[in-house]
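Worksheet for the structure shown next.
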């Protein structure tokens with residue numbers, strides 16, 4: 001199975017000793033080297049957090065603007081810690097003043113493209129997936145005394161009635177902060193100075209602040225999970241294909257309905273690392289029942 005990679009200019013990811021471990025998501029950091037070769041974090045001037053619930057799934061999209069106060073062109077290292085089982089869903093870098101999304105290419109081509117694009121002074125954005133579901137990205141160039149925007153999103157499964165959590169802690173003050181949660185039954189962000197914007201909280205929750213020091217946890221519960229109803233999520237890919245997920249309880253009449261035994265069954269099995277925590281015994285039981 002070919003490893004995945006994305007070109008945004010280039011986004012490539014692969015496992016490096018990946019194993020199952022519990023690690024909590026955190027606000028991403030972007031670090032560069034100072035004149036003495038020591039690591040220093042770039043100033044986070046703008047942070048936007050958007051959370052959308054669809055059934056038992058939550059998609060979190062982070063958009064950040066960092067500022068390079070040094071007088072040198074820099075190559076930065078962007079680190080994002082994802083929760084266990086989460087998967088990157090979107091990634092974009094600022095190129096010529098606009099955020100450019102990723103497209104898929106093979107890993108070998110992506111590595112070659114990274115070096116060639118870097119020589120042309122365009123953002124290659126190489127991303128590696130490490131142990132404990134941590135993503136590390138090289139970003140180049142970050143121009144002197146200039147901002148750099150990054151957008152990255154991930155999807156996680158909140159089955160079993162789990163609440164959503166996003167720790168919002170960051171050293172130093174952030175110039176502008178905005179947060180929006182949609183599809184939640186309840187949501188809370190207990191951070192001093194962050195105000196809930198008036199509107200319709202049962203449908204959409206919004207907060208904003210300026211010149212804020214973040215030290216708290218965003219919590220929310222999916223409206224669909226709380227209600228126990230059926231949820232449908234559909235999304236169209238850049239190639240035009242449509243993928244969908246339906247979540248809910250199977251009607252009782254379906255369980256007793258007769259069915260034809262398939263004459264030519266075809267099984268497509270996902271053997272990727274993202275399924276390491278799946279209920280294999282339950283899956284095998286369903287398959288055995290289908291072919292008996």
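Numbering (the numbering used here), first residue to last: 1 to 292.
The C-beta atom is built at its ideal place from N, Cα and C for all residues, glycine as well.
Predicted model, so just to flag it, every value in this text is computed and none were measured.
Can you give me the C-alpha to C-alpha distance between residue i and residue j, rounded to a whole angstrom?
i, j, result
"residue 43", "residue 87", "27 Å"
"residue 75", "residue 33", "8 Å"
"residue 137", "residue 204", "32 Å"
"residue 195", "residue 177", "10 Å"
"residue 48", "residue 30", "15 Å"
"residue 94", "residue 144", "15 Å"
"residue 50", "residue 258", "44 Å"
"residue 352", "residue 171", "No answer is possible for residue 352: it lies beyond the span of the chain, which begins at 1 and ends at 292."
"residue 275", "residue 283", "12 Å"
Going by the DSSP bridge assignment, what does residue i pair with across the sheet?
i, result
"residue 197", "Looking at the DSSP assignment, residue 197 forms no beta bridge with any residue, so it has no partner."
"residue 46", "65 and 176"
"residue 256", "Per DSSP, none; premise fails for residue 256."
"residue 191", "Note: residue 191 sits in no beta bridge, so no partner."
"residue 30", "78"
"residue 53", "58"
"residue 232", "246"
"residue 165", "219"
"residue 209", "177"
Once DSSP output is grouped into helix, strand and coil, what is the label at residue i?
i, result
"residue 79", "strand"
"residue 153", "strand"
"residue 275", "helix"
"residue 269", "coil"
"residue 216", "strand"
"residue 130", "coil"
"residue 148", "strand"
"residue 183", "coil"
Hey, quick one: how far does the alpha helix (DSSP H) through residue i stretch, first residue to last?
i, result
"residue 280", "280-291"
If I'm right that residue i touches residue j with Cβ under 8 Å, what's the distance once you round it to whole angstroms?
i, j, result
"residue 168", "residue 214", "5 Å"
"residue 163", "residue 219", "6 Å"
"residue 158", "residue 285", "Contact doesn't hold; Cβ gap of about 24 Å is too wide."
"residue 68", "residue 148", "7 Å"
I'd like the span of the beta strand (DSSP E) that includes residue i, first residue to last.
i, result
"residue 68", "57-68"
"residue 37", "Unbroken run through residue 37: none, as it is neither H nor E."
"residue 240", "Careful: residue 240 lies outside any beta strand (DSSP E) and carries neither H nor E."
"residue 172", "Element bounds for residue 172: n/a, residue is neither H nor E."
"residue 88", "87-95"
"residue 100", "98-101"
At a cut-off of 6 Å, would you count residue i as near the ligand FMN, judging by its Cβ distance to the nearest heavy atom?
i, result
"residue 66", "In terms of ligand content, the structure shown is empty, and the ligand FMN therefore cannot be addressed."
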